[in-house]
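Peer 1:
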Amino acid sequence: MNSSRSVRGLLAGALLLLILGFLPGGAQPANATSPTTITLASGTSVNDQNGDPAVVVTPNARWGSIPGAFWINSPADDGSDDTFTITFALPAAYFGVQLSGAFFADNWATVWLNGVQIAAQTAGDVYPNYGYDDSLGTPTAPPTSFLAIGGFVPGANTLMFQVSNAGGPPNDGNPEALDFLATVTFLTVATDKDQCKKGGWEDLVDSEGNSFKNQGDCVSYVATGGKNLGAIAAED
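The opening position of the sequence shown corresponds to residue 1 in this note's numbering, with each subsequent residue numbered one higher.
#1: For my contact list, Leu187 and Phe95 are in at a C-beta cut-off of 8 angstroms; report their separation, rounded to the angstrom.
#2: Report, in whole angstroms, the separation of the C-beta atoms of Asp125 and Ala166, which I expect to be a contact under 8 angstroms.
#3: At the level of alpha carbons, what is the spacing between Ala233 and Glu208?
#4: Nearest to Ala69 by alpha carbon, out of Thr224, Pro59, Asp77 and Pro75?
#5: Would you call Ile144 buried or exposed, if buried means 16 or more other Cβ atoms sit within 10 Å of its Cβ?
#6: Within the same chain, show all residues whose beta-carbon is closer than 6 angstroms to that of Asn228, passing over the 5 residues directly before and after it, in chain order.
#7: Between the region 148 to 160 and the region 78 to 92, are three or more C-beta pairs nearer than 8 angstroms?
#8: Is it the case that the Cβ atoms of Leu99 and Val184 are separated by a distance below 7 angstroms?
#9: From the DSSP secondary-structure annotation, give me the bridge partner or partners of Asn47.
#10: Within 10 Å of its beta-carbon, does Asp217 have 16 or more other beta-carbons around it, so buried, or fewer, so exposed?
#11: Please report how far the alpha carbon of Gly226 lies from the alpha carbon of Pro67, in whole angstroms.
#12: I'd like to know if the region 129 to 142 and the region 105 to 115 are in contact, where contact means that at least 3 CB-CB pairs between them fall below 8 angstroms.
#13: Would you grab the beta carbon distance between Leu90 and Gly155 for me? Rounded to a whole angstrom, and I think it's under 8 angstroms.
#14: Label Asp48 either buried or exposed according to how many other C-beta atoms from any shown protein chain fall within 10 Å of its C-beta, with 16 as the threshold for buried.
#15: Indicate the three-state DSSP secondary structure (helix, strand or coil) for Asp179 in the structure shown.
#16: So what's Asn157 in DSSP terms, helix, strand or just coil?
#17: Strictly by DSSP, which residues pair up with Trp108?
#18: Just to confirm the assignment, what range does the beta strand (DSSP E) spanning Ala148 have?
#19: Give the C-beta separation of Ser211 and Gly230 to the nearest angstrom, bearing in mind that I take them to be a contact with Cβ-Cβ under 8 angstroms.
#20: To the nearest angstrom, how far is it from the Cα of Glu235 to the Cα of Ala102?
#21: Let's see if you can read the secondary structure: which residues bound the alpha helix (DSSP H) around Gln215?
#22: Where Thr224 and Ala148 are concerned, what is the direct C-alpha to C-alpha distance, given to the nearest angstrom?
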């Protein structure tokens with residue numbers, strides 16, 4: 001009698017595990033593929049209009065700050081307007097790419113992605129442009145934000161800031177300056193069967209953002225020219 005109860009208990013436990021997906025053949029949790037994230041920040045990795053690395057400058061007492069970024073200027077530091085660029089790379093095929101960020105500028109700046117303007121501050125010596133809250137007398141005004149969900153290309157992409165100085169040249173000692181932080185997120189779409197090997201399928205999606213359940217699912221998608229979509233539906 002006790003033996004029969006034990007067997008029934010084991011069978012019930014096994015059935016529960018099968019339902020939960022912990023035994024072979026059980027339904028596994030549908031975990032969405034994690035996106036790749038690229039961080040872009042003002043610093044010496046940014047180039048000015050001459051192709052020279054930007055220099056980090058000591059912040060003015062009225063300038064705000066963005067954690068993880070540095071105030072930068074052109075090496076010339078002559079008070080004239082400057083352009084700063086930084087590039088990032090996207091794969092041959094991608095899904096759900098997004099660029100988001102925030103910036104301060106002294107005195108104001110416009111932001112461009114691959115030659116298309118995506119953000120602009122009010123022209124002039126506008127205190128919030130560089131983080132100064134005149135009502136409080138503190139550098140606590142929020143940065144200007146920007147967002148792009150289109151306008152990207154496979155391979156190299158360029159984020160550009162055109163910074164203008166209200167003082168204008170020649171005005172040594174009154175430099176223009178820039179402080180920014182941005183992130184690029186995207187999912188990589190499978191385009192070659194070799195990408196699916198050695199666990200690579202776990203980091204890939206199909207052209208509609210669906211994830212793959214295993215290597216074979218990924219290979220099938222590529223082999224059929226995208227007709228056999230990934231088995232795990234993309235999250236809304």
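Beta carbons are placed, not taken as given, at the ideal position from N, Cα and C, and that holds for glycine.
Peer 2: Well, looking at it:
#1: 5 angstroms
#2: 4 angstroms
#3: 9 angstroms
#4: Pro59
#5: Reading the sequence as shown, one finds Thr at residue 144 and not Ile. Looking at its Cβ environment, which holds 16 or more other Cβ atoms inside 10 Å, Thr144 is buried.
#6: Ser220 and Tyr221
#7: yes
#8: yes
#9: Pro53 and Thr85
#10: buried
#11: 42 angstroms
#12: yes
#13: 7 angstroms
#14: buried
#15: strand
#16: strand
#17: Ser164
#18: Thr144 to Ala148
#19: 5 angstroms
#20: 27 angstroms
#21: Gln215 to Ala223
#22: 32 angstroms
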